[in-house]
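Worksheet: the structure to be examined is printed underneath.
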Amino acid sequence: MKPARSLAAALAEGGPLVLDGGLSNQLEAQGCDLSDALWSARLLADGPEQIAAAHTAYVRAGAQVLITASYQATYEGFAGRGIRRDEASALLARSVALARGAAERSAREVWVAASVGPYGALLADGSEYRGRYGLTVRELEAFHRPRAEALAQAGPDVLALETVPDTDEAAALLRATADTGVPVWLSYTIDGGRTRAGQDLGAAFALAAGHDHVIAVGVNCCEPADADRAVEIAARESGRPVVVYPNSGERWDARARAWSGGITFDPARLPGWAAAGARLVGGCCRVGPDRIAALAALARTSHH
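For the sequence shown, the residue numbers in our numbering are 17 to 320.
Written out as structure tokens, the structure is:
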């Protein structure tokens with residue numbers, strides 16, 4: 017069903033609310049080939065029914081917020097595949113419509129977060145895990161603004177400014193989204209106690225404090241143990257509800273093009289996250305519907 021409350025109102029009334037998990041791993045589980053540079057965004061054109069099915073799998077698992085398949089969807093990336101600007105705008109709008117469709121088929125309130133991924137996602141070379149692209153804040157703002165505005169016009173409940181590796185890009189994203197009329201959450205990808213670009217986390221989270229359109233601040237696409245430490249810092253420095261959705265804990269080996277290591281994502285972390293200020297909790301890469309279902313069950317128990 018379409019939510020009766022804004023996401024900000026729902027966050028203020030308690031929680032925590034459960035996000036979905038990794039979209040790419042669910043699409044791969046459905047048999048999709050994501051080896052293309054556009055990653056999951058290619059399916060907006062070639063297989064929208066697969067994206068709809070992935071969203072539906074997370075709704076069934078208990079997700080209360082669905083993140084759209086627009087992380088890697090950019091005008092520049094689509095142009096490289098010969099997709100015209102008006103067609104690209106339609107695909108961005110489709111990403112929101114697919115998530116909204118799955119949300120409205122639920123008997124529960126389910127919100128839609130339009131993913132605004134970092135500039136590094138366009139490069140498809142792992143740059144989002146380093147940051148510092150050599151672009152100014154103004155150049156990054158100019159890159160992000162058209163896509164953010166197109167996604168906002170499609171009517172999501174929130175823009176998810178996610179997997180942000182450094183404070184320059186965070187500043188650019190906050191400026192690019194200030195006038196869209198849609199609230200945002202700001203979520204960094206971190207390594208240890210710092211941003212991927214090596215900046216102090218407290219200062220990074222504090223950036224959001226002066227922006228009224230920011231309804232949550234936190235971390236995603238990181239080690240679960242790093243997320244544990246970051247939640248408290250985010251709450252303290254931003255004064256906002258915290259969003260947290262780490263990876264499974266496995267590591268991507270770019271040379272071997274394979275995942276290695278063990279899974280350390282544990283839904284039992286939820287009470288600790290919630291106690292520290294987390295109000296939006298979920299998973300990122302390699303976290304599937306089974307773990308979101310466990311998280312949702314725990315969230316229902318803790319709320320009651």
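No residue lacks a Cβ here, since even glycine has one placed at the ideal position from N, Cα and C.
- By the beta-carbon neighbour count (other beta carbons within 10 angstroms, threshold 16), arginine 273 is exposed.
- In the DSSP assignment, the residues bridged to valine 258 are Val233 and Ala294.
- Going by C-alpha positions, phenylalanine 94 is about 6 angstroms away from alanine 104.
- Of the candidates Val198, Gly218 and Ala243, Val198 places its Cα closest to the Cα of valine 230.
- Between aspartate 216 and the set Gln66, Pro181 and Pro257, the nearest pair of CA atoms involves Pro181.
- With respect to leucine 114, proline 172 sits apart: the two C-beta atoms are not nearer than 8 angstroms.
- A Cβ-Cβ distance of about 14 angstroms is found for the pair glutamate 178 and serine 111, leaving them out of contact under the 8 angstroms criterion.
- Separation of the CB atoms of arginine 256 and alanine 232 is rounded to 6 angstroms, and the pair is thereby assigned contact status at 8 angstroms.
- In the assembly as shown, glycine 78 is a buried residue. Its beta-carbon has 16 or more other beta-carbons within 10 Å.
- Trp127 is the residue among Gly136, Asp269, Asp141 and Trp127 whose C-alpha sits nearest the C-alpha of valine 200.
- Judged by DSSP secondary structure, threonine 193 falls within the alpha helix (DSSP H) whose first and last residues are 183-193.
- Remark: three or more beta-carbon pairs, one from each stretch, lie closer than 8 angstroms, so the segment 312-319 and the segment 30-50 are flagged as touching.
- With fewer than 16 other Cβ atoms from the protein chains shown falling within 10 Å of its own Cβ, alanine 28 counts as exposed.
- The Cβ neighbour count for glycine 278, taken over all protein chains shown within 10 Å, is under 16; the residue is labelled exposed.
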